[in-house]
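Note that the working numbering has the sequence shown beginning at 203, numbered continuously upward.
Following: one structure in structure tokens, then a few remarks.
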Amino acid sequence: MTGTTNFNGATVDGTTGPDGHVLVIRSTSTLTMTDGGNIQCQGNFTFNSLYDTVMLMGYGGGWVELSRADNV
Numbered sequence: 203m204t205g206t207t208n209f210n211g212a213t214v215d216g217t218t219g220p221d222g223h224v225l226v227i228r229s230t231s232t233l234t235m236t237d238g239g240n241i242q243c244q245g246n247f248t249f250n251s252l253y254d255t256v257m258l259m260g261y262g263g264g265w266v267e268l269s270r271a272d273n274v
């Protein structure tokens with residue numbers, strides 16, 4: 203993701219969280235994913251390295267966090 207500073211929702215091909223689909227997010231700029239919207243996660247997460255990632259799974263029309271990696 204690029205060009206924004208915060209996000210709390212995601213769509214893939216116009217669909218929000220198709221059940222069972224996995225979405226891996228990596229950012230090329232400093233970006234904060236916030237808990238809420240259609241993303242249910244352990245809390246806010248700031249991407250501040252090219253190697254930071256979050257993995258989400260579609261469930262019930264939204265996304266739930268499977269894992270995150272805060273890599274330097």
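The C-beta atom is built at its ideal place from N, Cα and C for all residues, glycine as well.
Own chain, CB closer than 6 Å to residue i, minus 5 neighbours either side, in chain order
i	result
Val224	Met259
Thr232	Asn250
Pro220	Gly260
As assigned by DSSP and simplified to three states, the class of residue i
i	result
Tyr253	coil
Gln244	coil
Ser269	strand
Gly222	coil
C-beta atoms of residue i and residue j nearer than 8 Å
i	j	result
Thr230	Asn246	no
Ala271	Thr255	yes
According to DSSP, residues forming a beta bridge with residue i
i	result
Thr277	Because residue 277 is not part of the residues shown, which for the chain are 203 to 274, the question remains open.
Gly264	Tyr261
Sequence-distant residues of its chain with Cβ nearer than 7 Å to residue i (five each side left out)
i	result
Leu253	Note on identity: in this sequence residue 253 is Tyr, with Leu being the wrong assignment. Same-chain partners within the cutoff: Asn273.
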